[in-house]
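Undergrad: For what it's worth, this note's numbering labels the leading residue of the sequence shown as 32, then goes sequentially. We put the CB at the ideal spot given by N, CA and C, even for glycine.
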Amino acid sequence: DLLPIATEVAKKCGGLPIAIRTLSTFLRNEPLFVWEDALRQLSKPSSSNFQGVPATVYSTIEWSYDRLQSEEHKQTFLLCSLMGHNDSLGLLLLFAMGLGLFHGVSTIKETRDKLLTVVRQLKASCLLLDGNTNMKIDMHDLISDVALSIASKDNPVFVIRRKHDLSDWPDDETMKECGKISCLGISELPDLLKCPKLTFLGMGSKKPSMKIPTNFFKETKNLKVLFLSGMNLSSLPSSISLLGNLRALVLSDCVLEDIALIGELKNLEILGIAGSDIEMLPEELGQLTKLKRLDLRSCSKLKRIPPGILCKLSRLEELSMGDSSVEWGAEGHSSLQSNSSLAELKALSCLTALEIHISNAKIIPKDFS
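1) I'd like to know if the stretch 121-134 and the stretch 252-268 are in contact, where contact means that at least 3 CB-CB pairs between them fall below 8 Å.
2) Quick one: what's residue 214 bridged to in DSSP?
3) Taking the C-alpha atoms as reference points, what is the distance between residue 80 and residue 175?
4) Hey, residue 234 and residue 214 are a contact pair by Cβ (cut 8 Å); roughly how many whole angstroms apart?
5) Leaving out five residues before and five after residue 328 in sequence, what residues of the same chain have Cβ atoms less than 8 Å from its Cβ?
6) Around the Cβ of residue 203, are there at least 16 other Cβ atoms within 10 angstroms (buried) or fewer (exposed)?
7) So, is residue 212 buried or exposed, given that buried needs 16 or more other C-beta atoms within 10 angstroms?
8) With distance defined between alpha-carbon atoms, name the residue in 297, 285 and 378 nearest to residue 303.
9) Measuring CA to CA, which of 156, 222, 139 and 119 is closest to residue 383?
10) Who does residue 167 pair with in a DSSP beta bridge?
11) Hey, how far is the Cα of residue 158 from the Cα of residue 58?
12) Any chance the stretch 129-136 sits against the stretch 181-191, with 3 or more Cβ pairs inside 8 Å?
13) Can you give me the C-alpha to C-alpha distance between residue 198 and residue 217, rounded to a whole angstrom?
14) The beta strand (DSSP E) spanning residue 108 covers which residue range?
15) Residue range of the alpha helix (DSSP H) that residue 175 falls in?
16) Output the distance between the C-alpha atoms of residue 117 and residue 230, rounded to the nearest integer angstrom.
17) Answer yes or no: do residue 273 and residue 293 have a C-beta to C-beta separation smaller than 9 Å?
18) Where DSSP assigns a beta bridge to residue 301, which residues make up the other side?
19) May I have the straight-line CA-CA distance separating residue 171 from residue 50, to the nearest angstrom?
20) By how many angstroms is the C-alpha of residue 183 removed from the C-alpha of residue 112?
21) Taking the straight line between their C-alpha atoms, what separation do you get for residue 394 and residue 312?
22) Secondary structure at residue 158, three-state DSSP: helix, strand or coil?
23) When DSSP builds the beta bridges, which residues end up paired with residue 350?
24) Shortest alpha-carbon distance to residue 164 belongs to which of 144, 121, 244 and 173?
25) Considering only C-alpha positions, which residue in the set 268, 300, 291 and 96 is nearest to residue 276?
26) Relative to the C-alpha of residue 333, which candidate in 325, 34, 310 and 344 has its C-alpha closest?
27) Report, in whole angstroms, the separation of the C-beta atoms of residue 370 and residue 335, which I expect to be a contact under 8 Å.
28) Do the CB positions of residue 95 and residue 38 come within less than 9 Å of each other?
29) Determine, using beta carbons only, whether residue 261 and residue 228 come nearer to each other than 9 Å.
30) Pull up the distance between the alpha-carbon of residue 337 and that of residue 319, whole angstroms please.
31) When you compare only the Cα positions, how much space is there between residue 167 and residue 246?
32) Does DSSP put residue 262 in a helix, a strand or coil?
33) Closest by CA to residue 330, which one among 287, 317 and 340?
34) Cβ of residue 43 within 9 Å of Cβ of residue 103?
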């Protein structure tokens, strides 16, 4: 008889609706022996002691995590726990690409399709929630806490979503083993981040004067994803040039002036500077020959893209420049003008998505499509 077993399983959820819903999703339509096995697993005390999450609830969510259908599902779920509430699927895509979560995909579209499929299945499992639009995702706080605890079993994960100072940071030994850091309310930074195993770093500040120390990235050479929001990067710290493994760099709503150092990041596939006040793209951008996505949306002060840069980005698949004010040059006058022409985009054979603002239709090449 299933009912007594189901009743005991429900009790293991500690009366928490989100835990009951998550568990019932996995056990729906399963035979009695699966329910009995689940009850045995949930009756074992959790090996983790995570403050703020009852042991029974932890075990329930951990059990659901263990039964996700692939490692890709598990890693996507854990990555979502690093993000904020009602966060962007587009941002999750960039993070997933930077970390190389999905195998057997080679283009942004293929990766996006894979991610949307995995996210859909995580939502069906009640481990992820809908955001307030179809391009947003959310996660219950308790599920997020358990996910972070699970993620920390291999390498410590450091997450703070409130305003904090350096006294809240882990000790040096923990930081040396740290694999991922997400701090969305920083007010100060150490001079040097000693995290040789770090692959993901996300930092946000509401302090306009917040700057990154010159040597900050000197011991984070394994970094693959760097996300910075609301920071003063009028000149990039010189140590950023040491991030040879970096695949995704997103500088959102930052003060930007001289970003020539990005030319040293030869493995970069994703570059986003949306919402920044940058006025001119550097010549060095043309050195990023592995770049697949360039996001320049809402760069209202961006006026100049030197000729000969965009055409060098031979692997570029997506170029987003909505709400930017570049004055495109006319075709055939590149040696005389200071701005790139739309004709350069014709050389980008991999380009599948283009979003640009054109103030003068006469500059559109006749064979441009």
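TA: The relevant details are as follows:
1) Contact holds: three or more Cβ-Cβ distances are below 8 Å.
2) 191 and 234
3) Only weak support exists for where residue 80 lies, its pLDDT of 46 falling under 50; the coordinates are left without a value.
4) 5 Å
5) Close CB contacts of residue 328 within its chain, under the 8 Å cut and outside five residues either way in sequence, are with 305, 306, 351, 352, 353, 354, 355 and 386 (chain order).
6) exposed
7) buried
8) Distance from the Cα of residue 303 is smallest, within the candidate group 297, 285 and 378, for 285.
9) 139
10) 119
11) C-alpha of residue 158 to C-alpha of residue 58: approximately 14 Å in a straight line.
12) Judged by pairs of C-beta atoms under 8 Å, the stretch 129-136 does not touch the stretch 181-191, as fewer than three such pairs exist.
13) 11 Å
14) It is not in any beta strand (DSSP E) - residue 108 instead sits in the alpha helix (DSSP H) that spans 102-111.
15) 172-182
16) 23 Å
17) Residue 293 is positioned such that its CB atom lies no closer than 9 Å to that of residue 273.
18) 279 and 324
19) 10 Å
20) 12 Å
21) 21 Å
22) coil
23) According to DSSP, residue 350 shares a beta bridge with 325 and 385.
24) The candidate whose alpha carbon is nearest that of residue 164 is 121.
25) 300
26) 310
27) 6 Å
28) no
29) no
30) 15 Å
31) 35 Å
32) coil
33) Of the listed residues, the one whose Cα sits closest to residue 330 is 287.
34) no
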